[in-house]
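See structure below.
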């Protein structure tokens, strides 16, 4: 009853003309971003974040979330038409989607991708709506030791699945913690790691690091080559984009599989949509009667991963909104956005800001409908975006990045830092250091330190408080086990296989 | 990146991170570790600094044990293109104060189009002018987002 009342209130918020407009802008931008290879949701959300500071927070979070899930719809277009995934989550869609397009079934592939995304995306929102409130209630009993343990577990899971080398992922997370420590210590007013720079006394703005590491680094990597990719013809007319009844029948299990796997993997920190799509594709193939045909253009091979990567969004918002723990680079940026607007994601977020939470949930239902409408008949139009030359696109991204950083505090120093973090992000990619743990370390660093210091104040300096309380003991043990996985050969082989596929 | 190049990259990045870890530990030791009211400013940095030292040492040792990466080639052209763009970007940021955003950004765009993508100079000039004017009109005029202003007043 409480959920229905909340949802009805949410629709009242989401249906306000301004919020409806921002939802449309978000999903439209998301679709375009998803279509453009080399520009992902974290980079786009990071670039646009400063521009939302003057917006109503409700409209702003609705728009940013729209970019997040809209990109997953758009990502399938280039996978199917060009064999180039617009997003990492759409990599697996290339396997059967591109083969379908080569056989002249691009319309059916694009159509089934949109329908699967719609069904699973909606199921993901239902999951978020049903699961988030009870988890938030449970987390109300958490104190500082539990929070420290939870953040450690979240960071450990992200480190586990971020890259081939756990050592490198851990080092990236530690660099994130170091950046988070810069500035004035709020407990003792000691200035730390400021290198004598007045500008560093208030710390480094999250936006500067996120834009540098994601957007700038992405442009630099893309600018390494000057190649163009060829687009397969997009069928015109809605009829050509509708899958047949047989296609829909073949995808019945894929719709369920994608929805469930996507949501569960999304709710797990570190999981992410790429792993969700591969797991769901693997399961679909394992149970299929025509598994030998996978990879040659079967429609379930498109429906399952596309569903999973959309359902994952709903799952990923559960730990973010109820515990304040982001599970990926993108949700870490969304966390920073909420904090910058003055909200504190965690167990009290839903009771204290019901209009924001339920408005977001309702907007996601509406956004999924908008995306279905946009992605079925308008795919040929969106595909035209791909004709924008790279030499026009990349300077635009660089320009928006610089304006975004400058708009935060009108500081030239921040622009210099942007250069530094852009170069750092580029070098990290070249040397195979994952950037998600760095961003997560930065997002969680201050909270982790505060929770640890408060725990030790509660126990008068005894570290045993972290393991003497059952919930924190379980979570810390689990975090330790997660980090020890590479030591166990078989488990590490499974982890590496999952990463190689992703 | 080539496997061998990555190996030597791992070695040098390990050394750099070990130096950073050492610096963090040295700095953290100058701040209070544990006071009467609980952990001080040096408590948390000391622990992650030690962890950084340990992990980077692990990375260095594992690379040394795998042997050297001699004979592997770095894709200099790719690296050169990316670093040239980064350098041009840094120069354009440095020019914000004297020239303002619009002119500096136009120069950066011109460089990317004409030099990095080898498009005709006319095309480069057109794209540079159009994007700089577009940014000025959209952000400065329409959205009221401040852009760095130069000696010419824009």
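Chains as they are written, first to last, in our numbering: chain D, 3 to 504; chain P, 185 to 338.
Ideal placement from N, C-alpha and C gives every residue a C-beta, glycine not left out.
Can you tell me the Cβ-Cβ gap for residue 334(P) and residue 281(P), rounded? I've got them flagged as a contact below 8 Å. Confirmed, about 7 Å.
With distances taken Cα to Cα, identify the nearest neighbour of residue 161(D) among 340(D), 435(D), 465(D). Out of 340(D), 435(D), 465(D), 435(D) has the C-alpha closest to the C-alpha of residue 161(D).
Top-ranked residue by Cα proximity to residue 343(D), from 30(D), 227(D), 61(D): Of the candidates 30(D), 227(D), 61(D), the one whose C-alpha sits nearest the C-alpha of residue 343(D) is 61(D).
State the Cα-Cα distance for the pair residue 52(D) and residue 406(D), rounded to the nearest angstrom. About 5 Å.
In this structure, how does DSSP classify residue 249(P) when only helix, strand and coil are distinguished? Secondary structure at residue 249(P): helix, using DSSP grouped into helix, strand and coil.
Applying the criterion that 16 or more other CB atoms from any shown protein chain within 10 Å of the CB defines a buried residue, is residue 299(D) buried or exposed? With 16 or more other Cβ atoms within 10 Å, it is buried.
Listed by chain order, chain D residues near residue 274(P) by CB distance under 7 Å: Near residue 274(P) (Cβ distances below 7 Å), the residues of chain D are 421.
Check for me: the alpha helix (DSSP H) holding residue 260(D) runs from which residue to which? Start and end: 254 to 269.
If we define contact as Cβ-Cβ less than 8 Å, is residue 505(D) a contact residue for chain P? Limits of chain D in this structure are 3 at one end and 504 at the other, which puts residue 505(D) out of reach.
Residues in its own chain within less than 8 Å of residue 300(P) by CB, not counting five upstream and five downstream? For residue 300(P), where only same-chain residues beyond five positions count, the Cβ hits under 8 Å are 265, 268, 269.
Mind listing, in chain order, the continuous alpha helix (DSSP H) runs of no fewer than 4 residues lying wholly within the stretch 104 to 186 of chain D? Runs found: 108 to 141, 146 to 164, 168 to 183.
Determine, for residue 208(P), whether the minimum Cβ-Cβ distance to residues of chain D falls below 8 Å. Output row for residue 208(P): interface = yes.
Listed by chain order, chain D residues near residue 304(P) by CB distance under 7 Å: Within chain D, no residue comes near residue 304(P); the closest Cβ sits about 11 Å away, beyond 7 Å.
Do the CB positions of residue 99(D) and residue 71(D) come within less than 8 Å of each other? Not a contact, by the Cβ cut-off of 8 Å.
Are the CB atoms of residue 316(D) and residue 130(D) within a distance shorter than 8 Å? Yes, these two residues count as a Cβ contact at 8 Å.
Minimum Cβ-Cβ distance from residue 3(D) to chain P less than 8 Å: Answer no: the Cβ-Cβ gap between residue 3(D) and chain P never drops below 8 Å.
So with Cβ pairs under 8 Å, would you call residue 226(D) a contact of chain P? Yes, because at least one Cβ of chain P sits closer than 8 Å to the Cβ of residue 226(D).
With 8 Å as the limit, tell me which residues of the stretch 184 to 211 of chain D have their beta carbon closer than that to any beta carbon of chain P; keep them in chain order. Listed in sequence order: 187, 189, 190, 192, 194, 195.
For residue 263(P) and residue 421(D), the rounded distance between their alpha carbons: Taking the straight line joining both Cα atoms gives about 16 Å.
Rounded to whole angstroms, what is the Cα-Cα separation between residue 105(D) and residue 439(D)? If I take the Cα positions, the gap works out to 41 Å.
Going straight from the alpha carbon of residue 38(D) to that of residue 210(P), what length do you get? Spanning the alpha carbons of residue 38(D) and residue 210(P) requires a straight line of approximately 46 Å.
Taking only the alpha-carbon atoms, compute the straight-line gap between residue 332(P) and residue 295(P) and give it to the nearest angstrom. For residue 332(P) and residue 295(P), the distance between alpha carbons rounds to 20 Å.
Residues in the stretch 447 to 463 of chain D having any Cβ partner in chain P nearer than 7 Å: Cβ contacts with chain P come from 451, 454, 455, 458, 459, 463.
Contact list for residue 428(D) against chain P, beta-carbon separation under 8 Å: In chain order: 266, 270.
Identify, in the order they occur along the chain, each residue of the same chain with its Cβ nearer than 6 Å to the Cβ of residue 461(D), setting aside the five sequence neighbours on each side. Excluding positions up to five away in sequence, the list reads 467.
Measure from the C-beta of residue 160(D) to each C-beta in chain P and report whether the shortest distance is under 8 Å. Residue-level contact by beta carbon fails for residue 160(D) and chain P, as no gap is shorter than 8 Å.
Taking Cβ-Cβ distances shorter than 7 Å, what residues in chain D pair up with residue 297(P)? Within 7 Å Cβ-Cβ: 393.
Pairs of beta-carbons, one from the stretch 366 to 384 of chain D and one from the stretch 19 to 33 of chain D, closer than 8 Å: are there three or more? Yes, they touch.
Excluding the 5 residues preceding and the 5 following residue 48(D) in the sequence, name in chain order all residues of the same chain whose CB lies nearer than 7 Å to its CB. Hits under 7 Å: 209, 212, 213, 216, 217, 335.
Within 10 angstroms of the Cβ of residue 56(D), are there 16 or more other Cβ atoms? Answer buried if so, exposed if not. It counts as exposed.
Looking at the unbroken alpha helix (DSSP H) that takes in residue 55(D), where does it start and where does it end? The continuous stretches of alpha helix (DSSP H) do not include residue 55(D), and DSSP gives it neither H nor E.
Report the neighbours of residue 337(P) on chain D: residues whose CB is nearer than 8 Å to its CB, in chain order. Within chain D, no residue comes near residue 337(P); the closest Cβ sits about 16 Å away, beyond 8 Å.
Looking at residue 122(D): is its Cβ nearer than 8 Å to the Cβ of residue 257(D)? Yes, Cβ-Cβ distance for residue 122(D) and residue 257(D) is below 8 Å.
Using the Cα positions of residue 83(D) and residue 379(D), report the straight-line distance between them to the nearest angstrom. Pairing residue 83(D) with residue 379(D), the inter-Cα distance amounts to about 16 Å.
With a threshold of 6 Å on Cβ separation, who are the neighbours of residue 101(D) within its own chain once the five nearest residues in sequence on each side are excluded? So the qualifying residues of the chain are 298, 299.
Option nearest residue 272(P) by Cα separation, candidates 284(P), 260(P), 289(P): Out of 284(P), 260(P), 289(P), 289(P) has the C-alpha closest to the C-alpha of residue 272(P).
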